[in-house]
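Asker: The listed protein sequences derive, respectively, from chains A and B.
Start counting the first sequence at 84; every next residue gets the next number (our numbering).
Start counting the second sequence at 84; every next residue gets the next number (our numbering).
2 protein chains.
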Amino acid sequence: MSGFADTRARFHLPEGVIYLDGNSLGPLPRAATERMARVMQDEWGEMLITGWNKAGWMAQPGRIGDRIGRLIGAEPGHVMVGDTLSVKVYQALAAALELRPDRRVILSDSGNFPSDLYMAEGLIRTLGQGYELRVVAPEKVAEALSEEVAVLMLTEVDYRTARQHDMAALTAQAQELGALTVWDLAHSAGAVEVDLAGAGADFAVGCTYKYLNGGPGAPAFIYVAPEHAAKASPALSGWLGHEAPFDFDPTYRPAPDIARMRVGTPPVLGMAALEAALDVWDMVDMREVAAASRKLSTAFIEGVEAACPALRLASPRRATERGSHVSFHFAHGYAAMQACIAEGVIGDFRAPDIMRFGITPLYLDEDDIERAVEIIARVVNDRLWDRPDYATRAAVT
Amino acid sequence: MSGFADTRARFHLPEGVIYLDGNSLGPLPRAATERMARVMQDEWGEMLITGWNKAGWMAQPGRIGDRIGRLIGAEPGHVMVGDTLSVKVYQALAAALELRPDRRVILSDSGNFPSDLYMAEGLIRTLGQGYELRVVAPEKVAEALSEEVAVLMLTEVDYRTARQHDMAALTAQAQELGALTVWDLAHSAGAVEVDLAGAGADFAVGCTYKYLNGGPGAPAFIYVAPEHAAKASPALSGWLGHEAPFDFDPTYRPAPDIARMRVGTPPVLGMAALEAALDVWDMVDMREVAAASRKLSTAFIEGVEAACPALRLASPRRATERGSHVSFHFAHGYAAMQACIAEGVIGDFRAPDIMRFGITPLYLDEDDIERAVEIIARVVNDRLWDRPDYATRAAVT
Chain A
84 MSGFADTRAR FHLPEGVIYL DGNSLGPLPR AATERMARVM QDEWGEMLIT GWNKAGWMAQ
144 PGRIGDRIGR LIGAEPGHVM VGDTLSVKVY QALAAALELR PDRRVILSDS GNFPSDLYMA
204 EGLIRTLGQG YELRVVAPEK VAEALSEEVA VLMLTEVDYR TARQHDMAAL TAQAQELGAL
264 TVWDLAHSAG AVEVDLAGAG ADFAVGCTYK YLNGGPGAPA FIYVAPEHAA KASPALSGWL
324 GHEAPFDFDP TYRPAPDIAR MRVGTPPVLG MAALEAALDV WDMVDMREVA AASRKLSTAF
384 IEGVEAACPA LRLASPRRAT ERGSHVSFHF AHGYAAMQAC IAEGVIGDFR APDIMRFGIT
444 PLYLDEDDIE RAVEIIARVV NDRLWDRPDY ATRAAVT
Chain B
84 MSGFADTRAR FHLPEGVIYL DGNSLGPLPR AATERMARVM QDEWGEMLIT GWNKAGWMAQ
144 PGRIGDRIGR LIGAEPGHVM VGDTLSVKVY QALAAALELR PDRRVILSDS GNFPSDLYMA
204 EGLIRTLGQG YELRVVAPEK VAEALSEEVA VLMLTEVDYR TARQHDMAAL TAQAQELGAL
264 TVWDLAHSAG AVEVDLAGAG ADFAVGCTYK YLNGGPGAPA FIYVAPEHAA KASPALSGWL
324 GHEAPFDFDP TYRPAPDIAR MRVGTPPVLG MAALEAALDV WDMVDMREVA AASRKLSTAF
384 IEGVEAACPA LRLASPRRAT ERGSHVSFHF AHGYAAMQAC IAEGVIGDFR APDIMRFGIT
444 PLYLDEDDIE RAVEIIARVV NDRLWDRPDY ATRAAVT
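1) Applying the criterion that 16 or more other CB atoms from any shown protein chain within 10 Å of the CB defines a buried residue, is G337/B buried or exposed?
2) Helix or strand or just coil, what does DSSP make of A478/B?
3) For M163/A, count neighbouring C-beta atoms within 10 Å of its own C-beta (all shown protein chains included) and say buried if the count is 16 or more, exposed if not.
4) Taking the alpha carbon of T209/A as the point to measure from, which residue in D199/B, G347/B and L180/B has its own alpha carbon closest?
5) Using the beta-carbon count (16 or more within 10 Å), is A262/A buried or exposed?
6) Taking CB distances under 8 Å as the criterion, tell me whether W127/B reaches chain A.
7) Quick check on this structure: which residue in W322/B, A359/B, A455/B and E326/B has the alpha carbon closest to the alpha carbon of E388/B?
8) Which one or two residues does DSSP pair with I437/B in a beta bridge?
9) Who are the neighbours of D104/A on chain B, taking C-beta pairs under 8 Å?
10) Relative to the alpha-carbon of A272/B, which residue among A359/B, M354/B, Q143/B and F304/B has its alpha-carbon at the smallest distance?
11) Applying the 10 Å Cβ sphere with the 16-neighbour rule, what's the burial state of T350/A?
12) So, are the CB atoms of V346/A and S229/B less than 8 Å apart?
13) Quick one: list the residues of chain B neighbouring V346/A, beta-carbon separation under 7 Å, in chain order.
14) For a contact meaning CB atoms closer than 9 Å, what does F331/B contact in chain A?
15) Spell out whether any CB of chain A is found under 8 Å from the CB atom of G148/B.
16) Step through the CB atoms of chain B and report whether any lies within less than 8 Å of the CB of A478/A.
17) List the residues of chain A that Q124/B touches, going by C-beta distances under 7 Å, in chain order.
18) In the stretch 212 to 231 of chain B, which residues sit with their C-beta less than 9 Å from some C-beta in chain A, listed in chain order?
19) Count the other C-beta atoms from every protein chain shown that fall within 10 angstroms of the C-beta of F329/B, then say buried if there are 16 or more, exposed otherwise.
20) With a threshold of 8 Å between beta carbons, is S85/B in contact with chain A?
21) Where do the ends of the alpha helix (DSSP H) carrying S316/A lie?
22) Between V277/B and the rest of its own chain, which residues show a CB-CB distance below 7 Å, the 5 nearest in sequence each way excluded?
23) Any beta carbon of chain B sitting closer than 8 Å to that of A374/A?
24) Tell me, please, whether the stretch 281 to 292 of chain B touches the stretch 300 to 318 of chain B by the rule of three or more beta-carbon pairs shorter than 8 Å.
25) Would you say L352/B lies against chain A (beta-carbon separation less than 8 Å)?
26) Output, in sequence order along the chain, the residues in the stretch 292 to 324 of chain A whose CB is closer than 9 Å to any CB in chain B.
27) Any Cβ of chain C within less than 8 Å of the Cβ of T209/A?
28) Which whole runs of the beta strand (DSSP E) in the stretch 193 to 225 of chain B are 3 residues long or more, in chain order?
29) Assign V122/A to one of three DSSP states: helix, strand, or coil.
30) According to DSSP, what are the bridge partners of V463/B?
31) Can you list, in chain order, the residues of its chain with a C-beta nearer than 8 Å to that of R119/B? Leave out the 5 residues immediately preceding and following it.
32) Drop a sphere of 10 angstroms on the beta-carbon of R246/A, count the other beta-carbons inside from all chains shown, and report buried for 16 or more, exposed for fewer.
33) Apart from the five residues on each side of it in sequence, which residues of its chain come closer than 6 Å, Cβ to Cβ, to N195/A?
34) Under 8 Å: do the stretch 460 to 467 of chain A and the stretch 378 to 393 of chain A share three or more Cβ pairs, one atom per stretch?
35) Would a check of beta-carbon distances place A233/B closer than 8 Å to chain A?
36) Using a Cβ distance threshold of 8 Å, determine whether the stretch 246 to 260 of chain A contacts the stretch 393 to 407 of chain A, with at least three qualifying pairs required.
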């Protein structure tokens, strides 16, 4: 994996830790600390209010949007950064529903992240008028598509199992039936190759604190396809989405483009860390990252399966059918994960029995994978969580 | 103003600048730089994903909410921090409307900040069902209140003129007629004495980057009165507002309290700066700050009026009827403000002809006010904006 030695050097990783949770919160890019100090002192401290123009804070959400757009196959000028992923789900879904006024069904699957389903529930409650959220099993989505469906809303890569939907095929099928698509890229952006323009996706949303390493609570992004950009109603029609925010017009007139998806004042400090994180992404090609991820993930699966017969693979075995994390079922999963963390391998646990490990080539190599497998095997095979000193150690993580 | 020498020392203010724009973006609290470096390196860098519990990131929005609550007269446990002010307006308004299902009118005034009106327009578009946003002149609000009104939505202190509504009287009148109130405290929190509990306000929202000095794009806050806290529907029903977010329940069940107004993953980095800014507020009593503001503002008005006959006061003359900024009408206002900035007095301009100056006792004293008046007088009386070198200097601010 020497191809990524350059990017690995750009991250701060704590001594003695193998970090397999970059699918939940990416590690600190070294440059982000320095960039943040600069934005605090030289921009906020010295420029004060003039930073909005002088330091480019006002233009930042679109500028960063385009840098993310390159990683997900979006056309330039069609990605905007801001708010949280849940808020962006609401905007995309509301806009999509309004574009299909004669239909009432939102189709999703039970592998979707709960917040996406919750936001849909909240939107339906506000909309009234007989809207329905229909949730089917992931493998039943294709057959559940029909001319009743207004919007197909899916998370491309399942947050538990890493099972990846076929975005191009489902988008084509949905559109043939007259439905629109909203794709959540939370576990896709920076993880797998995404080609929004190629797939003809209508809307997409995602977060930046996982694979993109933007920092805890880093802002989200939204994509609106060119054909909808000038028509999509933002629902959350805030002043920065106005055609001319500083006219202080009493009536809302949406910006003619993706800027209409802006809502309130952007989080400048969080944006600064994200911008530094994207400098690392500028060094790589997403195809190479995805190929490296598949190689490392395959080695990880083979290693764990060979060393830990008690663990059962929860992710698809074929690398092309999964995202960039790997999950295993294990009845003692929670306790075992706590023990792994105490032993220096950080992954996470998802109920009821899933041990989840993120594979992130920007800062992990084959040696890390090999060492992680050894530690996991020791934890599982020696039942380390039963050791008397364990409870104390787990409590502090 | 020696009473505030201690707080003044806690801010970084650029050399040679008198900053009268803290009503738009507060200056950098010195401690925020160090706190941010710590959150970057020691928390994100070293704790990684475990920071959510170990560093208390998950509990931060409520903890900070209570510290803001003290400054606005809220009951403990009834303020939550997150998102942007526009998003919080949407939540408060949607919740209030749902509590008055038999009414269809949102009453507001033309002095409200445009984004609040835009968010109401967006919500109405989503709701359909004959809702109406009725906007009257600020002085006509009392007589426009009726039993048709579901929600009275006002910004307490006008962003242009600083005219302050009588929150207690309007809230009482609205409630007598069966309406609920949503108060926007953007220009009130940290500026004037606010007593939400005493006034019996139903909902309130505000931002933290102005008087509270939380930094550019710092998160907003929302207040829900105790009697509504367990009933108010959050509209934006995100996973962190769920009763048990980490159960990953497929169905939304709102938290029993103010936590239901949380939406997505909180902006940890922005929260860190805000938390450091609130340390300064812990040193003072809001009554003393408001009294000092009135004293400085009165001196400022008297000084400007005596020295610049061409400027006409746009703010109420009585200190008890205005917030903590002061505005003047001036036909050459835009050019004059650019010249003031070039000369070291930073205020701002609001169309069509308003020069706006924020008065913030935490870091401004009588000497600053006196020097500012001198500079403004020189700019206005000598028509400095006509000087040939001016255009160049103004262009860089």
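Note that beta-carbon positions come from the ideal geometry of N, C-alpha and C, so glycine has one too.
Answerer: So, from the listed chains and residues:
1) According to the sequence shown, residue 337/B is Pro rather than Gly. The residue in question, P337/B, is buried, as its Cβ has 16 or more Cβ neighbours within 10 Å.
2) Interpretation of A478/B is limited by its pLDDT of 43, a score under 50 that renders its predicted location unreliable; the figure taken from the coordinates is listed afterwards. Of the three classes helix, strand and coil, the one that applies to A478/B here is helix, per DSSP.
3) buried
4) L180/B
5) buried
6) Chain A contact via Cβ: present.
7) A455/B
8) H412/B and R433/B
9) L131 and I132
10) F304/B
11) Per the sequence shown, residue 350/A should be read as Pro rather than Thr. With 16 or more Cβ atoms within 10 Å of its Cβ, P350/A is classed as buried.
12) no
13) T167, S169 and V170
14) F196, P197, Y242, R243, R433 and A434
15) no
16) Confidence is the limiting factor: at A478/A the pLDDT is only 43, short of 50, which leaves the residue's position unreliable, though a coordinate-based value still follows. Closer than 8 Å: no.
17) T116
18) Q212 and V218
19) With fewer than 16 Cβ atoms within 10 Å of its Cβ, F329/B is classed as exposed.
20) For S85/B, the pLDDT reaches just 45, beneath the cut-off of 50, and the residue's location in the model is therefore unreliable, although a value from the coordinates is still provided. No, no contact with chain A.
21) It is not in any alpha helix (DSSP H) - S316/A carries neither H nor E in the DSSP assignment.
22) I155, G156, L268 and S271
23) Output row for A374/A: interface = no.
24) Yes, they touch.
25) Answer yes: the Cβ-Cβ gap between L352/B and chain A drops below 8 Å somewhere.
26) Y292, G298, P299, G300, A301, P302, A303, S316, P317, A318, L319, S320, G321, W322, L323 and G324
27) Although the question refers to chain C, the structure presented lacks it and instead comprises the protein chains A and B.
28) 215 to 219
29) helix
30) The partner list for V463/B (beta bridge, DSSP) is empty, contrary to what the question assumes.
31) Sequence check: residue 119/B is Met here, not Arg. Once the five neighbours on either side are set aside, the close Cβ partners of M119/B are L352, A355, A356 and A359.
32) buried
33) T238
34) yes
35) no
36) Short answer: they touch.
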